[in-house]
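For what it's worth, the working numbering labels the leading residue of the sequence shown as 1292, then goes sequentially. For every residue, glycine included, the Cβ atom is placed at its ideal position computed from N, Cα and C. Read through the structure below, which is laid out as structure tokens, and then see the notes.
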Amino acid sequence: MATQDAADTPAPGTDGDAAREAAVETALAKLDLDAKARLLAGQDTWSLPALPQIGLRSLVMSDGPVGVRGVRWTAADPSVVLPSPTALAATWDPALARRAGRLLAQEARRKGVHALLAPTVNLHRSPLGGRHFECYSEDPYLTTRIGTGYVRGVQDGGVGTTLKHFVGNDAETERFTVNNTIPPRALRELYLAPFEAIVRDASPWGVMSAYNGVNGSTMTQHASLQLGVLRGEWGYDGVIVSDWMATRDTTRALNGGLDVAMPGPRTVYGQALATAVREGRAEECAVDAAVRNVLRLAARTGVLDAAPPAVAPADLPATVDGDALAREIAHRSFVLVRNERGTLPIDPAGVSSVAVIGAAARDARILGGGSAEVFPAHIVSPLDGLRAALPESVAVHHAVGADPSDEPAVAGQGFELRAVCRDVSGRQLGSEPLPSGLVQWLGDFPDGVSFEDLHTVEITGTFTARESGVHAFGTRGLGGLALTVGGRLLFEGIEEPADEGDPFEAFQGTAVPRGEVELTAGESVEVSLICTVAKLPEAPMSAVACALVHRDPVRDPEALMEEAVAAASVADTAVVVVATTERVESEGFDRTSLALPGRQDELVRRVAAVAPRTVVVVNSGSPVELPWRDEVDAVLLGWFPGQEAGAALADVLLGDEEPGGRLPTTWPVALTDAPVTQVEPDDGELVYEEGVFIGYRAWEKTGRTPAYPFGHGLGYTTWDYDSLDLSTTDATATVRLRNTGTRHGREVVQIYLAPGSGGPGLPERPARWLAGFATVEAAPGETVSADIPLPRRAFEIWDEKTDAWRLISGTYVVEAAHSIADRRLRARLHVER
Ligand code: BGC
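In structure tokens, the structure reads:
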């Protein structure tokens, strides 16, 4: 049975269209120019102003892809945290993506959010892309299908989505200013393709205009892409909102099709837009068109009183159990890339001791950094998950082995903290408990506190040491900083903003150690970090960010390593969790290396040399080099697995669940093999000179062998592909396959299309590409079949001569495959224009 159907029913939003449109027009007609211009600019970091005269409440937006943060950027307001978008794509299951979307809509409603700033459907052009973890895949079709499911799911819950970043934000270096030169065919066939198909199939209510430029025009002003292609060709009727601080010029943005400039209150829309109209530099009818789009979003999300929302309260989907769904997506996303001698699953009855090794085994990295960051109510670490799942008779020993980072991290374990806000005279304005040492307020402040009056924030409380030794304390953030620990002033000074660099990275700041204090385990000290708020006159929003950071005593690296080796040598199985850090994978910068940080590679090798069986779990959002991959028994890619990390890991390692993931992107052996490694602009220009050859399209062309190919992933059963039949009337491939193993399993059946030799004048096409897929489930011995439609677009190319799609006639080889490198059946299909 194919299980993709639930993803394919249309999202709500069409019933009542006429009534909503009428309400929008009535509301628009009542607004004067100033009110209209105000509505097109953020009133603060996350919302648009209310206009009571037309019954419009304030429309609230929030990140992001893996959870809904709400308007407070704080752990005090937790959210369900799902696995990273790369993980969601690794499930190859649009129906599951739709369920994820429904949960996020439920979370959005709980937090008063009307539009989610997600999904991110830029592509994995290069593994170095800093937000690789936040995008789905190197393949536009897989991206489309997962993105479609996600958008439908969120909008099923009456909450808007914002497809982002339109278009070409595939790397982070100089992202605010870079001009990406993208050949028309690559632009259409790869980078625009997910936007086009998701607009067509899921009607997202929002699209976010990217920071970067494409082919000479910055995206917020890109009339030919925003008005010509998105609205004109594709018939998009939602709102176009700028990425945060991406709008540069009032008139050019308006004429380029940008509806809303975020964030506020200082923007080039609002008052500046009204003035531009009055001075004849902008047309009021263009303002009206933008306002209409905003009102339509407000109507759909139920924020415009007179309009029926797209989803009536009675039609909202049933409540979703967020913790359970986070766990399900995680185990469905884990990709087992190697499993020698049936190492996995581990039979709990067959082991008496397990060594769990790695810093990330204790402190899992559950999500990537940047605007995608949200704060969970709890995290199940791999260690906790395994301890809870293994019978008491199995001894579990943990050893750090190698610390991937020696940088201090935001104060967490052992700290009891609160934030105290004061005005310039030292009067207390307000105060709130802090679950960690991080203060990150964007436009929204504790009760009684206004940005105007706020002068200092004191992060204050106690720290009780978990370990004896020298503890380092430090700061993150800009402005005046005074750090006192145990009555000793460790630092007092001013941290100035850098002249250049990514503003968001600068805003978050870098952790700087400021001093050391020797403590014995159990000893408590008072801590205080007073941050004098830096109010930059040119900053577009009211924001405060600073943090108290801390590092436990640094242990001798060799002693750490030996401890792990000793634990592994006496255990029946060693589970080593290796990971990247916040300094490796985050928004705002690209990676420069795919190596695991610190001595983790050495750790794996030394453990594998002594442990009877070694299972390595890779905790990263995107590809890393695994130079020891053939020396260990099993390798499980766990992505950034979300809040239920350890619970899902135990499910898979102990065999309660099958690892369901298949690679959404090719994993190279080494960075030097990766087809695209150029993410750094040259004099402001980044040329996509590889054209349509990214990801597996490029790997197949060069003939190089990656570490793990696109689509690869092992389950706990085996499959025979019995037959592949093609129906030429509706271009559907029917694959019959049989579960030949001993346990129930799930298989992702992939269909690749390999073109014939082509004709004269035809541009070079990839050797093959993904044209369809479906998930099947079967009991041992059971035969199942999947009907997989092959979309017309799979047979088309973008013809640069005619600027149009062109169906390429001829004979294609249709391949039914387990992965791009493991193709089981083939059949020929003749296609005629
Ligand atoms: C990111 C967007 C995000 C926005 C708001 C930007 O820096 O690029 O993806 O939605 O911030 O947080």
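Proximity of the beta carbon of Trp2089 to the ligand BGC is not indicated: no heavy atom of the ligand is located closer than 8 Å.
By the CB criterion at 9 Å, Leu1586 and Ala1573 fall outside the cutoff.
Sequence-distant Cβ neighbours of Trp1919 in its own chain, meaning closer than 7 Å and more than five residues away, are Asp1892, Val1895, Arg1896, Ala1899. Beyond the five residues adjoining it in sequence on each side, Arg2117 comes within less than 6 Å, by CB distance, of Val2104, Glu2106 in the same chain, given in chain order. Taken from the Cβ of Lys1455, at least one heavy atom of the ligand BGC lies inside 8 Å.
Look at Pro2080 here: in three-state DSSP terms it is strand.
Boundaries of the beta strand (DSSP E) around Leu1772: 1770–1776.
Per DSSP, Gly1438 is one residue of the alpha helix (DSSP H) stretching across 1431–1447.
Bounds of the alpha helix (DSSP H) holding Tyr1987 are 1986–1993. Fewer than three pairs of CB atoms, one per stretch, sit closer than 8 Å, so the region 1676–1683 makes no contact with the region 1813–1828.
With fewer than 16 other beta carbons inside 10 angstroms of its own, Ser2014 counts as exposed. By the criterion of a C-beta distance shorter than 7 Å, Ser2076 is surrounded in its chain by Thr2025, Val2026, Arg2027, once the five residues flanking it on both sides are discounted. In the structure shown, the three-state DSSP call for Leu1839 is strand. Between the ligand BGC and Asp1354, a heavy atom-to-CB distance of less than 8 Å is present. With respect to Tyr1441, Ala1388 sits close: the two C-beta atoms are nearer than 9 Å.
Note that the C-beta distance between Ala1690 and Ala1857 is below 9 Å.
Taking the C-beta atoms as reference points, Val1412 is found nearer than 9 Å to Tyr1427. With a threshold of 8 Å, the Cβ atom of Asp1534 counts as near the ligand BGC, since some heavy atom of the ligand is closer than that.
Relative to Phe2001, the option among Tyr1987, Glu1425, Val1840 whose CA is nearest is Tyr1987. Counting only unbroken stretches of 3 or more residues, the beta strand (DSSP E) elements lying wholly within the region 1898–1967 are 1905–1910, 1925–1928, in sequence order. Residue environment for Cys1822: buried (at least 16 other C-beta atoms within 10 angstroms of its C-beta).
When the Cα atoms are used, Ala2085 and Leu1454 turn out to be separated by approximately 22 Å.
Restricting attention to alpha helix (DSSP H) runs no shorter than 4 residues, the region 2026–2073 encloses none. Rounded to the nearest whole angstrom, the C-alpha separation of Val1645 and Met1352 is 45 Å. Residue side-chain check: Gly1951 keeps its Cβ at 8 Å or more from all non-hydrogen atoms of the ligand BGC. Using a 10 angstroms sphere on the CB of His2121, the tally of other CB atoms stays under 16, which defines it as exposed. Its Cα nearest to that of Ala2070, the residue Gly2036 stands out among Gly2036, Gly1438, Ile2088. The C-beta of Lys1321 has fewer than 16 other C-beta atoms within 10 Å across all chains shown, which makes the residue exposed.
The beta-carbon distance between Thr1439 and Asp1384, rounded to whole angstroms, is 12 Å. This is too long to meet the 8 Å contact definition. Looking at the DSSP output, Asp1323 bridges to nothing.
Annotated three-state conformation of His2003 is coil, per DSSP. In the three-state DSSP reduction, Gln1334 falls in the coil class, being neither helix nor strand. If you draw a 10 Å sphere on the C-beta of Ile1785, you find fewer than 16 other C-beta atoms in it, and that means exposed. CA-to-CA, the gap between Gly2072 and Gln1934 works out to about 36 Å. Pro1418 has its alpha-carbon roughly 8 Å from the corresponding atom of Ala1965.
Beta-bridge partners assigned by DSSP to Asp1534: none are found.
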